[in-house]
Amino acid sequence: MDGAKASGNVWAVGTDYILKTEDREKLMKSLNAARALNKQGFTSSLPIPTKTGSEYPDGSKIFVLTQRIKGNPLSKRDMFGDNCIRLGEEYGKSIARLHKALKAIQKDILPDEVNIYKNVVDWALPNVRQQNIQWDMGIGDSFFDDYIESFGRLYDKLPKQLIHRDPNPGNILFENDEVSGFIDFDLIEVNVRLWDVCYCATGILAESSDEAYEKWLDILSGLLHGYNIEGKLTREEKQAVFYVICSIQMICIAYFESHDEFKDIAKTNRRMLQFIIQHKRHINNLL
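The following block contains the structure:
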């Protein structure tokens, strides 16, 4: 195969194409989203037909060749550079625009619906409580109690819709300092729309060096304000930002710690949660 492996199941074919193989259900979901988003005028990775005219060879394993979207993920240098707040706003605005397009196609996708509050309270939070003791993280019981009570009070009031689910910085492409497109729609689901904004933010924090941690709060501010310009956050969403960020962190910590090959990532995410909790007041005052 004349291509360079970009990740586990993805190959770059020259500079214009991407070859991907994945679980059939995930790929079908991703292709349906790409077609629907294209109809909405959004740049998306449409499949290149085979010689027989089908979108993919139908075998035991599906391979799909798609057009590569122009652009590249932001470099860490740009992400944490002098323009970090403006680029944070660009992330936020683009996610809000994506959400408008996803909401319009939700009925065509038949996605799974996820209750992150239930997932965290039933599984992730008890696990993180144990890790808090195991790793001497110094998180007081008041954090866990407040999460259960305060986020539980807000959760049902939060807008929910079809979201990307995995808008980490590697899945958001830039060209000339503007977002040119999103990739990897395999995990789309119905969830609180705030998830995507906060997940992008935690993905940026995960890539930051020690000296860049403090800059993250400025980037988060840009992200939230950018989203609010295009998507108008509700009063409850503004109050829930801290709790959604913590939800993501607790899910990541619980998941990664349960896999031996991801222990270092779990450690990074524990440190991130500690930093986020220490800056709760700052985060709550960003909007």
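Going by this note's numbering, the residue at position 148 of the sequence shown is 1318; the numbering climbs one at a time, nothing skipped. Backbone N, C-alpha and C define an ideal beta-carbon position, used for all residues, glycine too.
Taking 6 Å as the cut-off, is the C-beta of phenylalanine 1314 nearer than that to any heavy atom in the ligand HEM? For the ligand HEM, the structure offers nothing, since it holds no ligand at all.
Is the beta carbon of isoleucine 1239 sitting closer than 7 Å to the one on glycine 1351? yes
Looking at the secondary structure, which residues open and close the alpha helix (DSSP H) in which isoleucine 1435 lies? 1433-1448
Starting from glutamate 1407, trace the beta strand (DSSP E) both ways and give me its first and last residue. Premise fails: glutamate 1407 lies in the alpha helix (DSSP H), 1405-1427, not in any beta strand (DSSP E).
Lysine 1175 to isoleucine 1255, Cα distance in whole Å? Model confidence at lysine 1175 stands at a pLDDT of 48, short of 50, so the residue's coordinates are unreliable; what they give is reported in the following sentence. For lysine 1175 and isoleucine 1255, the distance between alpha carbons rounds to 33 Å.
Please name the residue or residues paired with lysine 1330 in a DSSP beta bridge. Val1362
When you compare the segment 1288-1301 with the segment 1413-1433, are there three or more beta-carbon pairs, one atom per stretch, that lie closer than 8 Å? yes
Just checking, does the segment 1250-1265 make contact with the segment 1355-1371 on the three C-beta pairs under 8 Å criterion? yes
Could you name the residues that DSSP lists as bridge partners for asparagine 1242? Phe1344
Along the chain, where does the beta strand (DSSP E) containing valine 1290 start, and where does it finish? Element bounds for valine 1290: n/a, residue is neither H nor E.
Return the chain-ordered ranges of every alpha helix (DSSP H) run that is complete within the segment 1241-1319 and spans a minimum of 4 residues. 1246-1249, 1254-1279, 1286-1289, 1295-1304 and 1311-1316
Among His1334, Glu1348 and Ser1391, the one whose alpha carbon lies nearest that of serine 1200: His1334
Does DSSP put threonine 1236 in a helix, in a strand, or in coil? strand
As assigned by DSSP and simplified to three states, the class of glycine 1373: helix
Quick check on the burial criterion: 16 or more other C-beta atoms within 10 angstroms. Buried or exposed for proline 1281? buried
Can you tell me which of Ser1264, Glu1406 and Tyr1397 puts its alpha carbon nearest to the alpha carbon of threonine 1213? Ser1264
Just reading off the alpha helix (DSSP H) that arginine 1323 is part of, what are its end residues? 1322-1325
When the Cα of leucine 1443 is compared with those of Gly1401, Asp1388, Asp1336 and Val1414, which residue comes out closest? Val1414
Do serine 1379 and tryptophan 1386 have their CB atoms nearer than 7 Å? no
Quick one: Cα of histidine 1429 to Cα of aspartate 1356, how far? 22 Å
Tell me the DSSP secondary structure of methionine 1171 in three-state form. Because methionine 1171 carries a pLDDT of 43, less than 50, the predicted location of this residue cannot be relied on, and the following value inherits that uncertainty. Looking at methionine 1171 - three-state DSSP - the assignment turns out to be coil, as it is neither helix nor strand.
Measure the Cβ-Cβ separation of serine 1215 and threonine 1236 and say whether it is below 7 Å. yes
For a test of the three-state rule: what should DSSP assign to serine 1391, helix, strand or coil? helix
On a CA-only basis, which of Leu1268, Asp1311, Gln1300 and Asn1361 is nearest isoleucine 1286? Give me that one, please. Asn1361
Inter-residue spacing [alpha-carbon to alpha-carbon] between glutamine 1331 and isoleucine 1447: 27 Å
To the nearest angstrom, how far is it from the Cα of lysine 1437 to the Cα of asparagine 1297? 14 Å
What does the alpha-carbon distance come out to for the pair glutamate 1345 and phenylalanine 1412? 30 Å
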